[in-house]
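Take a look at the structure below.
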Amino acid sequence: MTSKIAFLTCHQKQVAVSDPLKSLGFEVEVCDAFNTDELGTFTNEIPRHLSQQQAALKKAQLACELTQANFGLGSEGSFGPHPQVHLLPWNYEVLALWDAQHQHAVYAVHGTPETNYSSQRVTSVEEALSFARLAQFPSHALIMGSPADTYFQKGIQDESAFVKQLETALQSDASVWLETDMRAHMNPTRMNAIAQTALKLQQLLKSSCLQCHLPGYGPTRLIPGALCNVCNCATRLPKGEHWECASCHFQEDKVVDTTVSAANCDYCNP
Ligand SMILES: [Zn+2]
Ligand SMILES: [Zn+2]
0 MTSKIAFLTC
10 HQKQVAVSDP
20 LKSLGFEVEV
30 CDAFNTDELG
40 TFTNEIPRHL
50 SQQQAALKKA
60 QLACELTQAN
70 FGLGSEGSFG
80 PHPQVHLLPW
90 NYEVLALWDA
100 QHQHAVYAVH
110 GTPETNYSSQ
120 RVTSVEEALS
130 FARLAQFPSH
140 ALIMGSPADT
150 YFQKGIQDES
160 AFVKQLETAL
170 QSDASVWLET
180 DMRAHMNPTR
190 MNAIAQTALK
200 LQQLLKSSCL
210 QCHLPGYGPT
220 RLIPGALCNV
230 CNCATRLPKG
240 EHWECASCHF
250 QEDKVVDTTV
260 SAANCDYCNP
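Quick note on numbering: the sequence shown equals residues 0 to 269 in numbering that gives the first Met the number 0.
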């Protein structure tokens with residue numbers, strides 16, 4: 000039996016998620032039975048305090064409401080500095096699957112340094128072209144200017160048009176803002192990150208809670224305390240995973256007997 004998953008996306012993200020979900024008997028249907036302005040307005044109305052996971056869930060629930068489907072899918076990406084190495088960029092993706100019948104959410108998350116996310120203010124065509132090369136243009140699109148600029152444009156994919164627009168912009172402004180276009184259909188690297196997230200969602204959907212049998216049962220945090228292989232003291236490295244069901248809160252600690260090198264030990268290597 001095939002179950003339908005409604006997915007609201009204007010950026011062809013279904014390309015990245017359809018296959019992994021199809022193998023589990025889900026048919027992803029892009030929902031276009033709505034005015035995209037409605038979603039735009041909806042997105043702007045999401046208060047800033049919503050987390051990325053909550054925003055993805057809102058989209059999944061909206062997909063169910065608009066289509067009367069039992070399942071809805073929501074995707075939300077964010078870009079910023081790497082959590083440990085702040086000079087590197089970082090892409091964090093969330094996919095939320097909402098089961099309207101059981102009022103149950105399954106989240107898959109994926110963080111990766113593989114992103115071309117960057118921006119730069121340029122003062123010459125040469126400078127702009129070297130930024131573009133690093134950003135993997137033209138396979139990855141660019142954005143020129145800010146919404147207030149007359150020359151503002153998203154989704155730039157053609158080099159000669161890009162140069163022409165730049166020359167025009169640099170006649171009126173001393174410098175021009177450039178940034179990478181992170182929308183999935185304009186950015187194959189981002190699309191790949193969403194595909195990786197979909198594979199994680201596939202794994203989670205195959206894993207059911209031992210108590211209530213709803214899918215999505217998986218690790219929710221790491222348990223620190225792996226033992227040092229020299230002094231046998233507990234380190235800050237994980238010795239296992241804590242698994243918890245989001246629905247009935249059944250939980251387990253899955254601890255493996257593992258030792259780690261003394262380089263990670265606060266006693267041996269303070
Ligand atoms: Zn459960
Ligand atoms: Zn030690």
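Heads up, the beta-carbon is just placed ideally off N, CA and C, and yes, glycines get one too.
Please read all numbers here as calculations on a predicted model, not as lab measurements.
Practice problem: Under 6 Å Cβ to Cβ from Cys-211, same chain only, skipping five residues before and after it: list those, please. | Solution: The residue you call residue 211 lines up with position 212 of the sequence shown. Shown here for Cys-211: same chain residues with a beta carbon closer than 6 Å to its own, the five before and five after excluded, namely Ser-246 and Cys-247 in chain order.
Exercise. Could you check the C-alpha separation between Val-29 and Trp-97 for me, to the nearest Å?
Key: Here the question's residue 29 lines up with position 30 in the sequence shown. Here the question's residue 97 lines up with position 98 in the sequence shown. Rounded to whole angstroms, Val-29 to Trp-97 spans 15 Å at the Cα level.
Quiz item: Any heavy atom of ligand 2 closer than 7 Å to the Cβ of Ser-225?
Solution: One-based indexing of the sequence shown puts residue 225 at position 226. The residue you asked about is not Ser; residue 225 is Ala in the sequence shown. Every heavy atom of ligand 2 is 7 Å or more from the Cβ of Ala-225, so no.
Exercise. Return the Cβ separation of Thr-122 and Ala-59 in integer angstroms, given the expectation that the two are a contact with Cβ distance under 8 Å.
Key: By one-based count along the sequence shown, residue 122 stands at place 123. By one-based count along the sequence shown, residue 59 stands at place 60. Not confirmed; about 44 Å, so no contact.
Quiz item: Between His-184 and His-10, which are expected to be in contact by the criterion C-beta below 8 Å, what is the C-beta distance as a whole number of angstroms?
Solution: Locating residue 184 in the sequence shown gives position 185, where the first residue counts as 1. Locating residue 10 in the sequence shown gives position 11, where the first residue counts as 1. Going by Cβ atoms, the distance from His-184 to His-10 rounds to 5 Å, so yes, they are a contact pair.
Quiz item: If you measure from the CB of Ala-213, is any heavy atom of ligand 1 nearer than 7 Å?
Solution: Locating residue 213 in the sequence shown gives position 214, where the first residue counts as 1. The amino acid occupying residue 213 in the given sequence is Leu; Ala does not appear at that position. Within the cutoff, so yes.
Quiz item: Can Ser-246 be considered in contact with ligand 1, in the sense that its beta carbon sits closer than 7 Å to one or more heavy atoms?
Solution: Reading the sequence shown from its first residue, position 247 is the one you call residue 246. For Ser-246, the distance from the CB to the nearest heavy atom of ligand 1 is below 7 Å.
Quiz item: Near Leu-94, which residues of its chain fall below 6 Å by C-beta distance, leaving aside the five closest residues on each side in sequence?
Solution: The residue you call residue 94 lines up with position 95 of the sequence shown. Here Leu-94 has Ser-74, Ala-107, Thr-196 and Leu-200 as same chain residues with Cβ atoms under 6 Å from its own Cβ, once five neighbours each way along the sequence are excluded.
Quiz item: If you draw a straight line from the C-alpha of Gly-71 to the C-alpha of Gly-110, how long is it?
Solution: To locate residue 71, count along the sequence shown from 1; it is residue 72. To locate residue 110, count along the sequence shown from 1; it is residue 111. Using only the alpha carbons, I get a separation of about 22 Å.
Self-check item: CA nearest to the CA of Gln-164, picked from Thr-179, Arg-182 and Ile-142
Solution: Against the sequence shown, residue 164 aligns to sequence position 165. By alpha-carbon distance to Gln-164, the top candidate from Thr-179, Arg-182 and Ile-142 is Ile-142.
Quiz item: Cβ atoms of Leu-169 and Val-162: under 8 Å apart, would you say?
Solution: Translated into the one-based positions of the sequence shown, residue 162 becomes position 163. Translated into the one-based positions of the sequence shown, residue 169 becomes position 170. Not in contact: Val-162 and Leu-169 (Cβ atoms no closer than 8 Å).
Practice problem: Would you please state the rounded distance, in angstroms, between the beta carbons of Thr-114 and Thr-188? I believe it to be under 8 Å. | Solution: Taking the first residue of the sequence shown as 1, we reach residue 114 at position 115. Taking the first residue of the sequence shown as 1, we reach residue 188 at position 189. So it is a contact: roughly 6 Å between Cβ atoms.
Practice problem: Sort out for me which residues DSSP pairs Lys-3 with in a bridge. | Solution: As a position in the sequence shown, residue 3 is number 4, starting the count at 1. For Lys-3, the beta-bridge partners assigned by DSSP are Glu-26.
Quiz prompt | Coarse secondary structure for Asn-263, derived from DSSP in three states | solution = Locating residue 263 in the sequence shown gives position 264, counting from the first residue. In the displayed model, Asn-263 falls within a helix according to three-state DSSP.
Quiz item: For ligand 2, is there a heavy atom less than 7 Å away from the beta-carbon of Cys-208?
Solution: Taking the first residue of the sequence shown as 1, we reach residue 208 at position 209. Cys-208: no, Cβ never under 7 Å from ligand 2.
Exercise. Look up Tyr-91 in the DSSP assignment and give the residues it is bridged to.
Key: The residue labelled residue 91 in the question sits at position 92 within the sequence shown. Bridge partners of Tyr-91: Ser-77 and Gly-110.
Quiz item: Smallest Cα separation from Leu-213: which of Leu-65, Glu-92, Val-105 and Ser-50?
Solution: The count along the sequence shown starts at 1 and reaches residue 213 at position 214. Ranking Leu-65, Glu-92, Val-105 and Ser-50 by CA distance to the CA of Leu-213 puts Val-105 first.
Practice problem: Label Pro-82 either buried or exposed according to how many other C-beta atoms from any shown protein chain fall within 10 Å of its C-beta, with 16 as the threshold for buried. | Solution: By one-based count along the sequence shown, residue 82 stands at place 83. By the 16-neighbour rule on beta-carbons within 10 angstroms, Pro-82 is exposed.
Quiz item: beta strand (DSSP E) containing Val-254: first to last residue?
Solution: To locate residue 254, count along the sequence shown from 1; it is residue 255. Here the beta strand (DSSP E) through Val-254 covers 250–254.
Exercise. Could you give the DSSP three-state label for Pro-223: helix, strand or coil?
Key: On the sequence shown, position 224 is the one that residue 223 refers to. In the structure shown, Pro-223 sits in a strand (DSSP, three-state: E or B).
Quiz item: Does any C-beta atom of chain C lie closer than 8 Å to the C-beta of Glu-251?
Solution: In summary, chain C is missing from the structure at hand, where a single protein chain is found.
Practice problem: Quick one: residues in its chain with C-beta nearer than 7 Å to the C-beta of Tyr-216, no 5 flanking neighbours on either side, listed in chain order? | Solution: Along the sequence shown, read from residue 1 onward, the residue named residue 216 stands at position 217. Correct list, in chain order: Ser-206, Ser-207, Cys-208, Trp-242 and Cys-244.
Exercise. Return helix, strand or coil for Ala-233, following the three-state DSSP convention.
Key: As a working note, residue 233 is residue 234 in the sequence shown. The answer is strand: DSSP assigns Ala-233 an E or B state.
Quiz item: What does a CB cutoff of less than 6 Å around Glu-251 pick up in its chain, not counting 5 residues either side in sequence?
Solution: Residue 251 sits at position 252 when you count from the first residue of the sequence shown. Within the same chain, Glu-251 has close Cβ partners Trp-242.
Quiz item: Is it the case that the CB of Phe-136 approaches a heavy atom of ligand 1 more closely than 7 Å?
Solution: Walking along the sequence shown from the start, residue 136 turns up at place 137. Phe-136 has its Cβ no nearer than 7 Å to any heavy atom of ligand 1.
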